[in-house]
Structure formats: structure tokens, C-alpha cells
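Read in order, the letters of the sequence shown are residues 44 to 259 in my numbering. Think of the CB as a built atom: it goes at the ideal place given N, C-alpha and C, for glycine as much as any other residue. Here is the structure we will look at, set down as C-alpha cells.
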Amino acid sequence: MAELVFFSGTMDCGKSTLALQTAHNYQQRGLAGIIFAMNDRAGTGKLSSRLGLVTDAVEVTEQTDFWNVVVTARQRGERVDFIICDEVQFYSREQVNQLARIVDEMQISVWGFGITTDFLTNLFPGSARMLELADRVERLQVETLCWCGKRATHNARTINGVMVTEGEQVMVGDTKRHEVVGYEVLCREHHMKGMTAKTAHASEISHGTLNLGSRS
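Next comes the structure, spelled out in C-alpha cells:
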């Protein structure tokens, strides 16, 4: 039976890697599908992972109608056995409704991958709708860690390594340390305290408690 499945986790937990692996597994069985991506680090029309894997994809925009894309593909004689959707948190609620309709009326499985909440811990519209409609919600098993060593559960937006709590909900960025505007995954405690690795390090220095042998 076709399913609508939502794989969720924080940034850096391997969502795009799993999306690519899922597509590969289907293709190895002789199945054909459509891979959708949005705001990927590799550029428009690409789905990539931090491990260096990359494949072509259909770029999702605000105007994308998933139902029409699949219907058009079938009218051209193309097989659509499965659908992979990366960054579903950026999709609109109506677009997620379209994905659910594809599952129910076309019997095509849709696998969605995305983060659940934004840098202020608010649900993204696409993720909220996926949680409401999905047949299954799976937490990705590759756990990311906060700088303190606890499991990371929240995404923080940073400017020069300092957490910020204002700004647009959608701002594309990465978790690379050198980025001026970026993201860092934190445990709940340190997200609520607004304490990133950089500010924690600075606090240790100011209080004279830095253990120089514990950090590289």
C-alpha cells in the first residue's frame, strides 16, 4: 500500500543522505520516480548531502503543483512509482495536501524529509501539515549532538556564532562554522539559554574556567 511518510530531525542528522539512499534503493529494484528538492546547497535542481552525494531533482517553488507534475509526467508516458521530497518544511500546506492526494488517489508512495521546527522552535507550515497527514512519522536515527554532548533537538540561527531570536522564518544557511549567518544544533537547555559553542567558550574564558586540554 502506498504511504505518505515524514522523516524528520534536526539539521545535520542526515536527511538528504537518507533521501538519496531511498531513491537509490527504489531505482535498484527497477522502479522509477520523481525527486523533488528546494534550496539545496548544490544549486537549483539538485539534491545533495554533506557527504558529497548529489543527483538531479525537480526544483520546488511556491508555484509547484505536485499533482500536475505527476499527471504531466504520466501523460508523457513516464513511470512514477515513487516520489522523494526533500526540505518539505518549506512546502505550503496546500502542497502537502497535494502529496497526500497523490498517495490516496494514485497509490504512489511519497517520502518526505525535513526539519520540524524553525530557529524559534515554531513548526514550519509544511512540517505541521506533514505531521497532521502522514501515515508514518519517523525520527532519523543519526543523532546530532549539542556542543555540550547532549542530543541536539533544536536548530539555532547564529550570526558570527551568536544565537539570534529575530528574523524571517525561512533563511537558507548551513551549519559550517565559518559562515557569518548560519545555524547550530543545540539541546533544549542551551537553545532556551541562547548558548552556542562560541558563547559558551567565551563564558569559560571570562570566568577563568576554560580547560585548555579539553578542546582542540
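Looking only at its chain, what residues have a beta carbon closer than 7 Å to the beta carbon of residue i, apart from the 5 residues adjacent to it on each side?
| i | result |
| --- | --- |
| residue 243 | 190 |
| residue 87 | 102 |
| residue 92 | 59, 60 and 63 |
| residue 141 | 108, 109 and 110 |
When you compare each of the options to residue i by their alpha carbons, which one comes out closest?
| i | options | result |
| --- | --- | --- |
| residue 206 | 231, 238 and 52 | 238 |
| residue 192 | 179, 232 and 245 | 232 |
| residue 234 | 200, 172 and 167 | 200 |
| residue 53 | 145, 198, 210 and 208 | 198 |
| residue 47 | 164, 131, 116 and 196 | 131 |
| residue 85 | 163, 135, 97 and 204 | 97 |
| residue 94 | 124, 70, 55 and 126 | 55 |
What first and last residue would you give for the alpha helix (DSSP H) that runs through residue i?
| i | result |
| --- | --- |
| residue 109 | 109-118 |
| residue 76 | Looking at the DSSP string, residue 76 is not in any alpha helix (DSSP H); the run it does join, the beta strand (DSSP E), is 76-80. |
Between which two residues does the beta strand (DSSP E) containing residue i stretch?
| i | result |
| --- | --- |
| residue 89 | 89-91 |
| residue 47 | 47-51 |
| residue 2 | Within the shown structure, residues of the chain are numbered from 44 to 259, placing residue 2 beyond reach of any answer. |
Who are the near neighbours of residue i in its chain, counting only those whose CB is closer than 6 Å to its CB and skipping five residues on each side?
| i | result |
| --- | --- |
| residue 166 | 160 |
| residue 49 | 155, 173, 177 and 180 |
| residue 208 | none |
| residue 259 | Residue confidence for residue 259 is low, a pLDDT of 35 falling below 50, so the modelled location carries little weight; the figure read from the coordinates is stated next. Hits under 6 Å: none found. |
| residue 256 | In this prediction, residue 256 has a pLDDT of 41, which is less than 50 and means its spatial position is unreliable; what the coordinates show is noted afterwards. No residues qualify anywhere along the chain. |
Could you pull out every residue in the same chain whose Cβ sits closer than 8 Å to the Cβ of residue i, ignoring the five residues on either side in sequence?
| i | result |
| --- | --- |
| residue 144 | 110 |
| residue 133 | 81, 82, 103, 157, 167, 169 and 213 |
Kindly give me the distance between the Cβ atoms of residue i and residue j, rounded to whole angstroms, as I take these residues to be in contact under 8 Å.
| i | j | result |
| --- | --- | --- |
| residue 139 | residue 169 | 6 Å |
| residue 90 | residue 129 | 5 Å |
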